[in-house]
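Student: Would you mind keeping the following structure in view while I ask a few things?
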Amino acid sequence: MCGPEVRDPEAAGVKEQVWSLVSELIWRMRRGPCLAVLTLHRVGADLTIQPDAVARMFAYLRRHFRMMLPSQWTGGVSEPSAMITIDDGHEDAHDVIYPLARREGVPLVICVPTDYFLRDRWLWFDRLNWAIAQCRGTPQVRVGGETFFPDHRPSVVAFKMHVKSLSRSERDAIVEDLIRIVGREPPAVMPKEYRPVPREAMRGMLATGTVELCAHSVTHPVMTRLEDAELREELARGRAELEAFSGRPVVAFCYPHGQAGTFDDRTQAAVAQAGYRIAFTSVPGVNRPRSFDPLRLRRIHVHPRLSMFTRELAGLGGWRRRLAGAD
Numbered sequence: 016m017c018g019p020e021v022r023d024p025e026a027a028g029v030k031e032q033v034w035s036l037v038s039e040l041i042w043r044m045r046r047g048p049c050l051a052v053l054t055l056h057r058v059g060a061d062l063t064i065q066p067d068a069v070a071r072m073f074a075y076l077r078r079h080f081r082m083m084l085p086s087q088w089t090g091g092v093s094e095p096s097a098m099i100t101i102d103d104g105h106e107d108a109h110d111v112i113y114p115l116a117r118r119e120g121v122p123l124v125i126c127v128p129t130d131y132f133l134r135d136r137w138l139w140f141d142r143l144n145w146a147i148a149q150c151r152g153t154p155q156v157r158v159g160g161e162t163f164f165p166d167h168r169p170s171v172v173a174f175k176m177h178v179k180s181l182s183r184s185e186r187d188a189i190v191e192d193l194i195r196i197v198g199r200e201p202p203a204v205m206p207k208e209y210r211p212v213p214r215e216a217m218r219g220m221l222a223t224g225t226v227e228l229c230a231h232s233v234t235h236p237v238m239t240r241l242e243d244a245e246l247r248e249e250l251a252r253g254r255a256e257l258e259a260f261s262g263r264p265v266v267a268f269c270y271p272h273g274q275a276g277t278f279d280d281r282t283q284a285a286v287a288q289a290g291y292r293i294a295f296t297s298v299p300g301v302n303r304p305r306s307f308d309p310l311r312l313r314r315i316h317v318h319p320r321l322s323m324f325t326r327e328l329a330g331l332g333g334w335r336r337r338l339a340g341a342d
């Protein structure tokens, strides 16, 4: 009988060093006009992405790129340029990420859904995450015709992806059914790990001129699942509310979720009609002149290892993911 695969840590370390050197070499050879957009969600000492990794990434960007904000983008790219986006605007954007950005001298773009940020309403997926967390220790949970195992991460991830694929009404019904199974509502005052950046703290960051807001809808839906009127409402209202809050134009939009399938030609046309100049997806990659689409900008997801970032810059990220899938 075959046992589990045992990886040699030393060999893995050598392999990682080789990938890092190759990536850096190819990146330097290909270095030219591009827009690299780094994206972060949550950062903390007790999370997968820790502050020291983010600081290294910020320092690398500052050394090798012209850092900019969406309002500074004038169309196309003529040199290696970069932006840093934070999705959703949880409190650690202010408490953890912002101090690192100030120290390293890089600007930030914070993408916030307005129901969450301005009205302190739970993000739907945070309600889901909270409910799943209450189920830990339970062997299995069946809800909405689906079964998941709360203590088995791949099962939980698959369940979340299923819920995200549903229409808004179907999604909300499953979240509420799961909360009923838990037997209590999420607290009216969100626990710290779920809270948005306080509004006064956001005003303080905006006042420095190194932080800009990016529209991220009102309710953080999957945009392709919306009717035309709902789509227009999410785009127009989310932008108007952020402009009223900040007193500044909001020129950028970030597609909620952002993976392939959560935006399409219809949603892109609506984004353009709403007056946005650029829009961020969550599709991995770097934006180079020959494939540059300002309303479908690719982004690079932050990773604990800087070498993963240089792989994406070198164009090796997709190749690496395909190899990993073949292992």
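Per our numbering, the sequence shown runs over residues 16 to 342.
Backbone N, C-alpha and C define an ideal beta-carbon position, used for all residues, glycine too.
(1) Along the chain, which unbroken stretches of the beta strand (DSSP E) at least 3 residues long are found entirely within the region 273-308?
(2) Taking R320 as the reference, give the member of H56, G47 and T63 with the closest Cα.
(3) Contact defined as beta carbons within less than 8 Å: I believe V121 pairs with I99. What is the distance between those atoms, to the nearest angstrom?
(4) In angstroms, rounded to a whole number, what distance separates the CA positions of P95 and L50?
(5) Can you give, in chain order, each stretch of the alpha helix (DSSP H) that sits fully within the region 54-127 and has at least 4 residues?
(6) Between which residues of its own chain and R337 is the CB-CB distance below 7 Å, once the five residues before and five after are set aside?
(7) Hey, could you find the ends of the beta strand (DSSP E) F163 is sitting in?
(8) So, helix, strand or coil for L246, using DSSP?
(9) So which of E208, S306 and E327 has the shortest CA-CA distance to R314?
(10) Near P271, which residues of its chain fall below 8 Å by C-beta distance, leaving aside the five closest residues on each side in sequence?
(11) If you scan the region 152-227 from start to end, which runs of the beta strand (DSSP E) of 3 or more residues do you find wholly inside it?
(12) Tell me which residue opens and which closes the beta strand (DSSP E) that L310 is part of.
(13) Count the CB pairs spanning the region 221-228 and the region 144-161 that are closer than 8 Å, and state whether there are at least three.
(14) Hey, out of G160, K175 and V124, whose CA is closest to A146's CA?
(15) How many angstroms separate the CA atom of P85 from the CA atom of N302?
(16) V178 and L143: beta carbons closer than 8 Å?
(17) With W15 as the anchor, note down where its alpha helix (DSSP H) starts and where it stops.
(18) If distances are taken between C-alpha atoms only, which option among P213, G47 and F73 comes closest to H318?
(19) In whole angstroms, give me the CA-to-CA distance for G340 and F268.
(20) With a threshold of 8 Å on Cβ separation, who are the neighbours of P19 within its own chain once the five nearest residues in sequence on each side are excluded?
(21) Which value, in whole angstroms, describes the spacing of the CA atoms of R292 and A97?
(22) Quick check on this structure: which residue in I101, S93, H109 and F324 has the alpha carbon closest to the alpha carbon of T216?
(23) Grouping DSSP H, G and I as helix and E and B as strand, with all else coil, what is G133?
(24) Going by the beta-carbon positions, is the gap between V286 and A275 smaller than 8 Å?
(25) Could you give the residue range of the alpha helix (DSSP H) that holds L241?
(26) Could you tell me if K58 is buried or exposed, where buried requires 16 or more neighbouring beta carbons within 10 angstroms of its beta carbon?
(27) Are the Cβ atoms of Y113 and L123 separated by less than 8 Å?
(28) If we call anything under 8 Å between Cβ atoms a contact, is F260 one with V92?
(29) For W139 and D187, which I take to be in contact (beta-carbon distance under 8 Å), what is that distance rounded to the nearest angstrom?
(30) Of all the CB atoms in chain D, is at least one closer than 8 Å to the CB of A230?
Tutor: Looking at the coordinates:
(1) 293-299
(2) By one-based count along the sequence shown, residue 320 stands at place 305. Ranking H56, G47 and T63 by Cα distance to R320 puts T63 first.
(3) Counting from 1 along the sequence shown, the entry for residue 121 is found at position 106. Counting from 1 along the sequence shown, the entry for residue 99 is found at position 84. Their Cβ separation, rounded to whole angstroms, is 6 Å, which keeps V121 and I99 in contact under 8 Å.
(4) Residue mapping note: residue 95 aligns to position 80 of the sequence shown, counting from 1. Residue mapping note: residue 50 aligns to position 35 of the sequence shown, counting from 1. Distance between the alpha carbons of P95 and L50 is about 6 Å.
(5) 66-79 and 113-119
(6) Position 322 of the sequence shown holds residue 337. With a pLDDT of 47 at R337, under the threshold of 50, the modelled position of that residue is not reliable, and no figure is offered here.
(7) Position 148 of the sequence shown, counted from the start, is the residue given in the question as residue 163. Element bounds for F163: E161 to F163.
(8) Residue 246 sits at position 231 when you count from the first residue of the sequence shown. In the three-state reduction of the DSSP assignment, L246 falls in the helix class, which pools H, G and I.
(9) Mapped onto the sequence shown, residue 314 falls at position 299. Here the closest residue by C-alpha is E327.
(10) Residue numbering aside, residue 271 sits at position 256 when the sequence shown is read from its first letter. Excluding residues within five positions, the ones whose Cβ falls inside 8 Å are P128, H231, S232, H235, P236, V237, M238 and T277.
(11) 156-158 and 161-163
(12) As a working mapping, residue 310 is identified with position 295 in the sequence shown. L310 -> no beta strand (DSSP E), and no H or E assigned at all.
(13) no
(14) Position 131 of the sequence shown, counting from 1, holds the residue named residue 146. Looking at the Cα atoms, K175 is the closest of the given residues.
(15) Counted from its first residue, the sequence shown places residue 85 at position 70. Counted from its first residue, the sequence shown places residue 302 at position 287. Their Cα atoms are separated by approximately 14 Å.
(16) Working through the sequence shown from its first residue, we reach residue 178 at position 163. Working through the sequence shown from its first residue, we reach residue 143 at position 128. In contact: V178 and L143 (Cβ atoms closer than 8 Å).
(17) For the chain, the structure presents residues 16 to 342; residue 15 sits outside this window and is missing.
(18) Looking up residue 318 in the sequence shown gives position 303. Minimum Cα distance to H318 is reached at F73.
(19) On the sequence shown, residue 340 is found 325 positions in, with the first residue counted as 1. On the sequence shown, residue 268 is found 253 positions in, with the first residue counted as 1. A caution first: G340 carries a pLDDT of 45, below 50, which makes its placement in the model unreliable, though a value can still be read off. C-alpha separation (whole angstroms): 31 Å.
(20) Locating residue 19 in the sequence shown gives position 4, counting from the first residue. With a pLDDT of only 40 at P19, under 50, the local geometry of the prediction cannot be trusted, and the value read off the model is given with reservation. Within the same chain, P19 has no close Cβ partners at all.
(21) Taking the first residue of the sequence shown as 1, we reach residue 292 at position 277. Taking the first residue of the sequence shown as 1, we reach residue 97 at position 82. Distance between the alpha carbons of R292 and A97 is about 16 Å.
(22) Along the sequence shown, read from residue 1 onward, the residue named residue 216 stands at position 201. Before going on, a small fix: residue 216 reads as Ala here, not Thr. Just measuring C-alpha positions, the residue of I101, S93, H109 and F324 sitting nearest A216 is H109.
(23) Here residue 133 refers to the residue found at position 118 when the sequence shown is read from its first residue. Checking the sequence, you will find Leu at residue 133 rather than Gly. In the structure shown, L133 sits in a helix (DSSP, three-state: H, G or I).
(24) Taking the first residue of the sequence shown as position 1, residue 286 is located at position 271. Taking the first residue of the sequence shown as position 1, residue 275 is located at position 260. No, the Cβ-Cβ distance between V286 and A275 is not below 8 Å.
(25) Position 226 of the sequence shown, counted from the start, is the residue given in the question as residue 241. Looking at the DSSP string, L241 is not in any alpha helix (DSSP H), and its letter there is neither H nor E.
(26) Mapped onto the sequence shown, residue 58 falls at position 43. One detail in the question is off: residue 58 reads as Val in this sequence, not Lys. When all chains shown are included, V58 counts as buried.
(27) As a first step, residue 113 must be located in the sequence shown, where it is residue number 98. As a first step, residue 123 must be located in the sequence shown, where it is residue number 108. Contact: yes.
(28) Here residue 260 refers to the residue found at position 245 when the sequence shown is read from its first residue. Here residue 92 refers to the residue found at position 77 when the sequence shown is read from its first residue. No. Outside cutoff.
(29) Taking the first residue of the sequence shown as 1, we reach residue 139 at position 124. Taking the first residue of the sequence shown as 1, we reach residue 187 at position 172. Yes, W139 and D187 are in contact; Cβ-Cβ is about 7 Å, under 8 Å.
(30) The chain inventory of the structure shown lacks chain D, comprising one protein chain alone.
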